[in-house]
Structure formats: structure tokens, C-alpha cells
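Same order as they appear, the protein sequences are chains L and R. So the first sequence is numbered by the working numbering: it starts at 154 and just counts up by one. So the second sequence is numbered by the working numbering: it starts at 434 and just counts up by one. Since the structure comes first, as C-alpha cells, the remarks are kept for the end.
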Amino acid sequence: MALEILSKYDRQIIFLVVLILTFMPAFYPIGLPLPQYFLTNKVYDAINSLKPGDLVLISFDFAPGVWVELGIAMKDIMQHLFIKRARIVIIAFDPNGPALAHRVLNEIDLKGAVYGKDYVVLGYIPGFEAGMAAFVSNPKMFTVDYYGNPTADMPIMNAFNTIGDFKMYIFACYTWVDPWMRQFSGKIDIIIGVLSADIVPQVMPYINTGQLYSLIRGSRGAAEYEQLLGIKGEATAFMDAASLTVSLGVILTIVANYGYLKKKLGGRR
Amino acid sequence: MSEVITPLIVGTLTLMAWSLLYRENVFYRIAEVLMVGFGMGYTLYISLSTLNRVWFQPLLSGKWWLIIPAILGLLLYTIYSRRYMFLSRWAMAAIAGAGSGYAVSRAIPVMIIGQIEGLAVKFSELSALDLANHIIATIACIGTVAYFTFTKEHKGWFGGLTRIGRWSMMLAFGSTFGATLYANQIFTIERAAFLAKYPQNLLLIIAVLFIVYDLFIRKKR
């Protein structure tokens with residue numbers, strides 16, 4: 154009976170319910186519990202174990218359209234890196250990457266870090282996988298940084314000669330991670346992916362083999378990371394609505410499959 | 434002033450794009466065209482500035498050999514000429530050859546040997562749950578490979594194995610679908626959180642009034 158009622162109405166009813174569940178927590182936060190994922194803890198512990206001055210390579214490989222999934226997570230992670238006083242080298246294999254890195258640096262507390270000494274934004278490397286291979290074989294390929302400053306005068310550029318000098322590599326992307334794994338796996342000890350939640354299931358084989366040390370799964374991972382950092386950031390604010398709408402998705406999937414099976418079995422009889 | 438105007442413009446554009454959820458309308462079309470236009474403009478700017486930084490400036494500073502990739506790049510455009518289109522294949526060959534070379538040489542150690550190494554573990558070092566997970570993953574892996582074997586008919590014990598492969602893939606696709614649902618939903622949630630703030634929350638009232646007015650007009654017709 155309920156199924157017949159549901160099938161009578163337009164899908165706009167579903168849109169409306171999703172919109173209500175999306176907006177409701179924005180006006181009235183519920184504060185639903187947020188269990189920690191073990192891989193988020195692993196990222197936190199790895200960054201927490203860094204010593205001041207350790208070199209970390211970061212690549213921003215996503216477009217502004219997925220800022221909410223990856224940008225917020227990168228903000229939280231980079232904030233942690235600056236707290237730990239790691240030295241950070243930022244590159245990008247997406248043309249939008251350097252601008253997004255610039256935005257992150259503007260929105261976090263740099264803890265007194267000095268540009269050129271403690272961190273640098275080197276810029277975009279074209280060619281995607283060919284660019285990755287070129288950077289891995291020669292990380293000092295940049296003669297000027299993203300802002301046009303000569304890199305030869307920067308103390309941080311003298312801190313590394315080969316890719317193996319980096320203690321950790323963190324990349325943020327929203328596509329299959331195969332190119333990053335192909336070019337960086339085995340070259341840097343700890344590789345961490347900040348990934349859009351939809352590609353996480355496909356990445357698990359790399360986690361199981363240890364080729365990818367750990368990952369942050371989009372905004373959900375960012376919210377978990379904010380809990381570990383003890384801050385109530387942007388990602389935490391979205392989690393009530395995320396839990397409600399995903400629960401609705403699960404309920405609708407079960408109802409639709411129940412209806413489908415019922416119809417199929419009824420037809421057979 | 435910009436603290437009020439900018440969120441109002443952004444909020445209006447968000448609601449114009451969302452208006453498609455109600456029905457096809459002119460506001461959605463305007464938002465769509467603006468999105469494509471701004472996107473193309475931005476991409477063009479990024480492309481030209483990158484070309485300037487990584488090619489034109491180094492070329493001016495004396496790196497004359499950078500003219501070679503430029504010539505190869507220009508050869509791609511010969512595809513529009515029937516007479517000279519064969520030249521575009523040279524450029525395509527260079528791109529495909531370099532890409533394959535970089536990818537394939539690293540795919541074997543990382544994606545094949547590395548993954549096989551991951552399957553080969555000492556059972557005595559695993560916990561009961563990890564062992565169960567490992568056995569399931571191994572059977573699913575063999576079943577999935579069997580499913581894509583078309584030189585043997587999927588019957589008997591082999592048919593059973595391919596069925597395990599098919600179920601494994603269905604579980605994997607289901608898991609990916611769930612994660613995709615979540616990942617896409619977060620974009621709406623972020624916009625909702627933005628629209629819930631003042632002054633852009635006033636736009637929600639205007640949007641509701643628009644829909645009510647439209648429903649009233651349509652009913653009258």
C-alpha cells in the first residue's frame with residue numbers, strides 16, 4: 154500500500170524531502186554523533202609524529218567545484234602541519250591547484266611560518282602523469298615559484314635534492330588515484346590521499362597493501378579531523394545534514410528494492 | 434556593502450540553478466549559460482597564463498629547444514586539413530607514446546607486483562577478522578578475474594566462481610554508489626548552510642513566493 158502511494162507521487166516529492174532535511178540542520182543544529190574512522194586517526198597520528206623542520210610535499214589536484222569535499226579537509230590538515238612546524242612544499246598537477254593552495258594559506262593560522270623558509274607554493278606542473286614523473290626525477294625543476302619569485306634564494310629549496318628527502322606526501326584529488334600511486338609509490342615513505350568520498354572504495358586495495366599509507370574521505374574525514382584537532386570547523390557544521398540525507402538515501406534504496414522484488418515475485422506467481 | 438551584495442548575487446545564482454528541481458525555466462537557463470561562460474573564460478585564462486609561465490617566458494630567456502613541443506602542439510591542428518592531417522598523428526604519437534611510457538613502466542611494479550605482494554601475507558600475523566577479510570578479498574579477486582575470462586564457458590564449478598565474481602563486483606559498485614550519493618549530497622548541504630545565513634536567507638522567501646505564484650497561475654490556466 155505504502156509503495157503504491159509512493160509511486161503515485163512525482164520525484165519532486167523526494168527532492169522536497171531532501172531539501173527539508175538539508176536545510177533543517179542549518180537552522181536547527183541537532184548534534185548527531187560522529188564516530189571516528191580508523192584511517193582518519195592514522196593520518197592524524199602520522200602528522201602528529203612529525204618533528205619540527207620535517208619536509209612535507211603537498212599537491213593540490215582538484216578544481217574549485219569540489220572545494221567543499223577537499224578544500225576544507227586540506228585546510229584542517231595544513232593547519233595541523235603548521236602547528237607541528239613542518240616545512241611545506243606545495244605543488245599542483247591541476248591548473249586550479251595553486252590558487253586553491255593560496256586560498257587555504259590565507260584562511261589558516263600560519264603560526265609565524267615564513268614564506269620561502271618554512272613553506273613555498275611552487276605552482277602548477279603541466280602534463281599530469283608526465284609532469285608527476287618529471288617532478289619525481291627532479292623536484293628542483295622550478296626556477297620561479299607561483300608568485301614569480303626566484304626559488305634559488307629560498308632556504309627551503311636547499312632542504313631537498315631528491316624526492317626521497319620528503320618525509321611525507323599528501324595529495325588531494327577527486328579522480329582515480331592510479332597516476333599518483335604509479336609515480337610516487339615507493340619513492341616517499343608516507344603517502345596520504347585527501348580524496349572525494351566517492352572514490353574511497355576504489356582506493357582501498359592500495360590501503361590494504363600499504364602503498365597508500367592512509368586517507369581522508371572528503372568532508373566527512375575533515376569533520377573527523379576537526380574533532381581530533383579539537384575545533385568546530387566548517388566540515389563539522391555539515392555533518393548533521395549529511396547524516397540525515399544519507400539515511401534517507403538508504404531508506405529510499407531499501408524501499409525501492411523491496412518494491413522491485415515484490416513486483417518481480419508477484420509477476421512470477 | 435560588498436558583504437551584502439556578493440552573498441546576494443551568489444545566493445541568487447544558487448537558487449536560479451536549483452530552480453530546475455521545480456521545473457524547466459528561464460532562470461535556470463541563465464544560470465547554466467553564465468556557468469558555462471565563466472567556466473570557459475576561467476579555463477582560457479589559466480591555460481594562457483600557464484603557457485606564458487612554462488613555455489613563453491623560458492623561450493624568451495633563451496631555451497630555444499622549447500620550440501619543438503610548440504611545433505608538435507601546433508601540428509595537432511592540422512587535423513582540420515584533409516591534405517595535412519597525417520601530421521597531427523605525429524603529435525598524437527608523441528603524446529600517447531610519452532604517456533604510455535610513463536604509465537606502463539610504473540604500472541607493473543606498483544599496480545601489478547605491488548598488489549600481488551599485498552595479497553601474499555603470513556596468515557599467522559593476521560587477526561581472525563583480518564584473516565576472514567583477506568580470504569574474502571582473495572576469493573573475490575579470483576572470481577572477478579574469472580568473470581572476465583571469455584575463453585571458457587561459464588558453467589559448472591567455473592560458472593560458480595564467475596557468479597562469486599559478479600556478486601563481488603555488485604557489492605563494490607553498491608559501495609561506490611553509496612559513497613557517490615554522500616559525496617554529491619555534501620555540495621547541496623554546503624549551499625544550504627550558505628543560504629541559511631543572513632541576508633541570503635531572504636532569497637528563500639522570494640523563491641517560495643515565486644513557486645506559489647507560478648502554481649497559482651498554472652492552476653488558473
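Quick reminder that beta carbons are idealized off the backbone N, C-alpha and C, glycines included.
* Three-way DSSP call (helix, strand, coil) for L/Phe313 in this model -> coil
- Message: Quick check on DSSP: helix, strand or coil for L/Tyr300?
- Response: coil
For L/Asp214, which three-state DSSP category applies?
-> strand
Check: Taking 8 angstroms as the CB-CB limit, is L/Phe231 close to chain R?
Finding: The sequence shown places Met at residue 231 of chain L, rather than the Phe named in the question. Not a single C-beta of chain R is nearer than 8 angstroms to the C-beta of L/Met231.
Practice task
Count the other C-beta atoms from every protein chain shown that fall within 10 angstroms of the C-beta of L/Lys228, then say buried if there are 16 or more, exposed otherwise.
Solution key: buried
Check: If you drop the 5 nearest sequence neighbours on each side, which residues of the same chain put their C-beta closer than 8 angstroms to that of L/Pro178?
Finding: Asp393, Ala394, Leu397
R/Ser608 versus L/Tyr197, L/Ile384, L/Gly218, L/Pro354, residue with shortest Cα-Cα distance = L/Pro354
Practice item. Could you tell me which residues DSSP pairs with L/Leu208 in its beta bridges? Key: L/Arg240
Per-residue DSSP class, three states only, for L/Ile429 = The requested residue 429 of chain L does not occur in the structure, where chain L is confined to residues 154 to 422.
The beta strand (DSSP E) with R/Ile622 in it runs from where to where?
Not the beta strand (DSSP E): R/Ile622 falls in the alpha helix (DSSP H), residues 589-628.
Self-check item: Contact set between the region 617-644 of chain R and chain L, restricted to residues whose Cβ is under 9 angstroms from the partner
Solution: Asn617, Gln618, Ile619, Phe620, Thr621, Ile622, Glu623, Arg624, Ala625, Ala626, Phe627, Leu628, Ala629, Lys630, Asn634, Leu637
Positions along the region 450-467 of chain R whose CB lies within less than 8 angstroms of some CB in chain L: Leu454, Tyr455: these are the residues of the region 450-467 of chain R whose beta carbon lies less than 8 angstroms from some beta carbon of chain L, given in chain order.
message = For L/Leu368, count the other beta carbons within 10 Å of its own beta carbon; 16 or more makes it buried, fewer makes it exposed. Which is it?
response = buried
Here's the rule: buried if 16 or more other CB atoms are within 10 angstroms of the residue's CB, otherwise exposed. What is R/Val641? It counts as exposed.
ask   = Among L/Leu263, L/Tyr277, L/Ile278, which has the Cα closest to the Cα of L/Asp271?
value = L/Leu263
**Prompt:** L/Gly276 lies in the beta strand (DSSP E); which residues open and close that run?
**Reply:** From DSSP, the beta strand (DSSP E) with L/Gly276 extends over 272-277.
Exercise for the section: Output, in sequence order along the chain, the residues in the region 232-265 of chain L whose CB is closer than 8 angstroms to any CB in chain R. Expected result: Pro248, Asn249
(message) Along the chain, where does the alpha helix (DSSP H) containing L/Gly386 start, and where does it finish?
(response) Here L/Gly386 belongs to no alpha helix (DSSP H), and DSSP marks it neither H nor E.
Going by DSSP, which residues form a beta bridge with L/Ala325? L/Phe213, L/Val347
*Using CA coordinates, which residue listed in L/Phe191, L/Glu379, L/Phe288, L/Tyr277 is at the minimum distance from R/Leu484?*
For the residues L/Phe191, L/Glu379, L/Phe288, L/Tyr277, the minimum Cα distance to R/Leu484 belongs to L/Tyr277.
- Item | Between the CA atoms of L/Phe246 and R/Ala536 - distance to the nearest angstrom | 15 angstroms
Helix, strand or coil, according to DSSP, for R/Arg516 in the structure here? For R/Arg516, the secondary structure class from DSSP, reduced to helix, strand or coil, is coil.
Quiz item: Does the beta carbon of L/Asp306 come closer than 8 angstroms to any beta carbon on chain R?
Solution: So, not an interface residue.
*Nearest residue (CA-CA) to R/Leu509, options R/Lys496, R/Ser494, R/Met525*: Nearest option by C-alpha distance: R/Met525.
- Item | Neighbour-count burial assignment, L/Ala254, 16 or more Cβ in a 10 Å radius | buried
Out of L/Met294, L/Met321, L/Gly346, state which residue places its alpha-carbon closest to the alpha-carbon of L/Pro332. L/Gly346
- In whole angstroms, what is the alpha-carbon distance linking L/Gly250 and L/Pro358? 27 angstroms
Point to revise | DSSP-derived helix/strand/coil call for L/Leu187 | key: coil
ask   = Do you know how far the Cα of L/Ile167 is from the Cα of R/Gln548?
value = 42 angstroms
Work out the CA separation of L/Val196 and L/Thr389 for me, nearest whole Å. 18 angstroms
Cβ pair L/Gly371, L/Ser349 closer than 8 angstroms
yes
Review point. Since L/Arg238 contacts R/Ala540 with CB under 8 angstroms, what's their CB separation in whole angstroms?
Key: About 37 angstroms; that fails the 8 angstroms criterion.
Tell me where the beta strand (DSSP E) around L/Ile369 begins and ends.
367-370
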